[in-house]
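Visitor: Residues in the sequence shown are numbered consecutively from 494, following the working numbering. Backbone N, C-alpha and C define an ideal beta-carbon position, used for all residues, glycine too.
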Amino acid sequence: MKLIIGLHHAHEQHWVGDGFPVRTLFSYQSMGEELSPFLMLDYASPTAFSPSTVAKGVGPHPHRGFETVTIAYEGELAHKDSAGNAGTIGPGDVQWMTAGAGILHEEMHSAQFTQRGGMLSMAQLWVNLPAKQKTPPPGYQAIEAQQIPTIHLENDQGTARLIAGDYAGFSGPAKTHTAMHVWDLRIKKGAVISLPAPNHWNAALAILRGQVETDKGVAGDASLIVFSRAGTGIEVSASQDTHALFLSGEPIPDPVVGYGPFVMNTKAEIAKAIEDFNEGRFGRLD
Ligand code: MN
Numbered sequence: 494m495k496l497i498i499g500l501h502h503a504h505e506q507h508w509v510g511d512g513f514p515v516r517t518l519f520s521y522q523s524m525g526e527e528l529s530p531f532l533m534l535d536y537a538s539p540t541a542f543s544p545s546t547v548a549k550g551v552g553p554h555p556h557r558g559f560e561t562v563t564i565a566y567e568g569e570l571a572h573k574d575s576a577g578n579a580g581t582i583g584p585g586d587v588q589w590m591t592a593g594a595g596i597l598h599e600e601m602h603s604a605q606f607t608q609r610g611g612m613l614s615m616a617q618l619w620v621n622l623p624a625k626q627k628t629p630p631p632g633y634q635a636i637e638a639q640q641i642p643t644i645h646l647e648n649d650q651g652t653a654r655l656i657a658g659d660y661a662g663f664s665g666p667a668k669t670h671t672a673m674h675v676w677d678l679r680i681k682k683g684a685v686i687s688l689p690a691p692n693h694w695n696a697a698l699a700i701l702r703g704q705v706e707t708d709k710g711v712a713g714d715a716s717l718i719v720f721s722r723a724g725t726g727i728e729v730s731a732s733q734d735t736h737a738l739f740l741s742g743e744p745i746p747d748p749v750v751g752y753g754p755f756v757m758n759t760k761a762e763i764a765k766a767i768e769d770f771n772e773g774r775f776g777r778l779d
């Protein structure tokens with residue numbers, strides 16, 4: 494069994510653009526080694542938006558060197574990028590974007606959600622790419638809720654939606670560059686659940702909403718339980734109905750040097766990314 498090596502609470506909320514009031518559950522700047530290949534997780538808990546004529550969100554910005562995974566829980570989000578991809582995701586849908594060599598995109602509330610208003614809730618996970626595959630052509634996987642297998646946990650203690658990775662003979666639809674589990678969990682109050690995670694993989698459980706008891710204390714809304722790389726599998730007990738993201742993966746050993754929307758391996762690569770962006774080499778949004 495993996496041991497719990499950290500329990501972190503995200504208290505501070507900040508806005509991404511004017512559309513996403515998020516709390517950052519972890520970032521590679523403070524937890525790079527323990528969370529690799531995962532770089533960052535932002536969570537926007539359910540927030541009400543009034544009807545509007547102007548879409549909120551975050552306008553055109555670049556990324557290079559990693560992937561952004563957006564999971565919609567409530568409301569509707571619209572994406573558009575310089576590789577010519579566009580899409581709208583609603584509750585349960587996932588957008589797995591490979592920034593790779595470089596992309597410009599915008600992330601907005603959808604036109605329909607903007608007009609109607611309502612509750613919005615989402616998460617965005619950043620996933621690193623290994624040095625040898627840092628700059629593939631940009632990619633975009635639109636994953637609809639119905640493509641994601643829902644596994645019933647033992648003794649009806651909850652469910653796991655497999656976004657990426659394999660469990661109980663089922664496979665998540667996301668194509669990844671390294672081996673990982675990204676599972677969206679609903680755990681029932683009183684459940685004690687065990688989840689598989691190979692020895693030498695990193696593992697963390699992000700508690701979005703709910704409550705989980707640990708030997709390091711209580712993990713409530715917007716908190717993160719970090720497990721040891723050594724050991725096989727994790728076990729936790731939920732003291733409330735809980736919505737969580739289970740993240741586990743083979744660590745990427747390469748150095749991580751990041752600056753804003755770029756995550757590379759060296760300072761020189763970051764300088765090049767900034768130069769390329771300033772020179773307009775990330776393409777454009779039509
Ligand atoms: Mn972005």
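#1: Considering only heavy atoms of the ligand MN, list every residue whose Cβ is less than 6 Å from one of them, following chain order.
#2: If we require 3 or more residues per run, which beta strand (DSSP E) segments fall completely within the stretch 628-691?
#3: Using CA coordinates, which residue listed in 687, 637, 684 and 651 is at the minimum distance from residue 665?
#4: Which partner residues of residue 497 appear in the DSSP bridge assignment?
#5: Could you name the residues of the same chain whose beta carbon sits closer than 8 Å to that of residue 756, not counting the 5 residues immediately before and after it, in chain order?
#6: Please classify residue 772: does DSSP put it in a helix, a strand, or coil?
#7: Hey, could you find the ends of the alpha helix (DSSP H) residue 604 is sitting in?
#8: Going by other Cβ atoms of all chains shown within 10 Å of its Cβ, with 16 needed for buried, is residue 649 buried or exposed?
#9: So for residue 767, helix, strand or coil by DSSP?
#10: Please state the DSSP three-state secondary structure of residue 573.
#11: Looking only at its chain, what residues have a beta carbon closer than 8 Å to the beta carbon of residue 596, apart from the 5 residues adjacent to it on each side?
#12: State the DSSP-derived secondary structure class of residue 715, mapped to helix, strand or coil.
#13: Might you give, ordered along the chain, the residues of its own chain that have their beta carbon closer than 6 Å to the beta carbon of residue 510, omitting 5 neighbours on each side?
#14: Taking the C-alpha atoms as reference points, what is the distance between residue 606 and residue 543?
#15: Compute the Euclidean distance between the alpha carbons of residue 716 and residue 540, then round it to the nearest angstrom.
#16: How is residue 626 classed by DSSP in three states: helix, strand or coil?
#17: On a CA-only basis, which of 701, 690, 634 and 684 is nearest residue 672? Give me that one, please.
#18: Whole angstroms are fine: how far does the CA of residue 730 sit from the CA of residue 682?
#19: Compare the beta carbon distance of residue 570 and residue 612 with 8 Å and say whether it is the shorter of the two.
#20: CB residue 628 to CB residue 594, shorter than 8 Å?
#21: Given a threshold of 16 other Cβ atoms within 10 Å of its Cβ, counted over all protein chains shown, does residue 494 qualify as buried or as exposed?
#22: Whole angstroms is fine: what's the gap from residue 678's alpha carbon to residue 646's?
#23: Can you pull the DSSP bridge partners for residue 741?
#24: Please report the residue range of the beta strand (DSSP E) in which residue 778 lies.
#25: Please confirm whether residue 669 and residue 653 have their CB atoms less than 8 Å apart.
#26: What first and last residue would you give for the beta strand (DSSP E) that runs through residue 588?
#27: Go ahead and pull the three-state DSSP assignment for residue 762.
#28: Applying the 10 Å Cβ sphere with the 16-neighbour rule, what's the burial state of residue 496?
#29: Please determine, among 725, 735 and 693, the residue with the shortest C-alpha to C-alpha distance to residue 702.
#30: What is the DSSP secondary structure of residue 617, counted as helix, strand or coil?
#31: In the DSSP assignment, what residue or residues form a beta bridge with residue 537?
Guide: Inspection of the coordinates gives the following:
#1: Answer in sequence order: 554, 556, 561, 598 and 600.
#2: Considered as a whole, the stretch 628-691 harbours 632-636, 643-645, 651-657, 673-680 and 685-688 as its complete beta strand (DSSP E) runs of no fewer than 3 residues, in chain order.
#3: Considering only alpha carbons, the answer is 637.
#4: Note: residue 497 sits in a beta bridge opposite 720.
#5: Hits under 8 Å: 521, 532, 557, 558, 559, 619, 621, 749 and 750.
#6: In the displayed model, residue 772 falls within coil according to three-state DSSP, outside both helix and strand.
#7: Here the alpha helix (DSSP H) through residue 604 covers 604-609.
#8: That one is exposed.
#9: Reduced to three states, the DSSP call for residue 767 is helix.
#10: DSSP places residue 573 within a strand segment (E or B) once states are collapsed to three.
#11: Within the same chain, residue 596 has close Cβ partners 555, 556, 557, 574, 575, 576, 590, 631, 775 and 776.
#12: The answer is coil: DSSP assigns residue 715 none of H, G, I, E or B.
#13: Within the same chain, residue 510 has close Cβ partners 550 and 551.
#14: Those two C-alpha atoms are separated by around 9 Å.
#15: Each residue's Cα considered, the two are about 18 Å apart.
#16: The answer is helix: DSSP assigns residue 626 an H, G or I state.
#17: Nearest of 701, 690, 634 and 684 to residue 672, Cα basis: 690.
#18: So the two alpha carbons sit approximately 8 Å from each other.
#19: Cβ distance not < 8 Å, so residue 570 and residue 612 don't count as in contact.
#20: Contact: yes.
#21: Classification for residue 494: exposed.
#22: The straight-line gap from Cα to Cα measures roughly 10 Å.
#23: The partner list for residue 741 (beta bridge, DSSP) reads 674 and 696.
#24: Boundaries cannot be given for residue 778, as no beta strand (DSSP E) includes it and DSSP labels it neither H nor E.
#25: Not in contact: residue 669 and residue 653 (Cβ atoms no closer than 8 Å).
#26: It spans 587-591 - the beta strand (DSSP E) in which residue 588 sits, taken as one unbroken run.
#27: The answer is helix: DSSP assigns residue 762 an H, G or I state.
#28: Residue 496 counts as exposed, since fewer than 16 other beta carbons sit within 10 angstroms of its beta carbon.
#29: Looking at the Cα atoms, 735 is the closest of the given residues.
#30: Strand at residue 617.
#31: Answer by DSSP bridge pairing, in chain order: 615.
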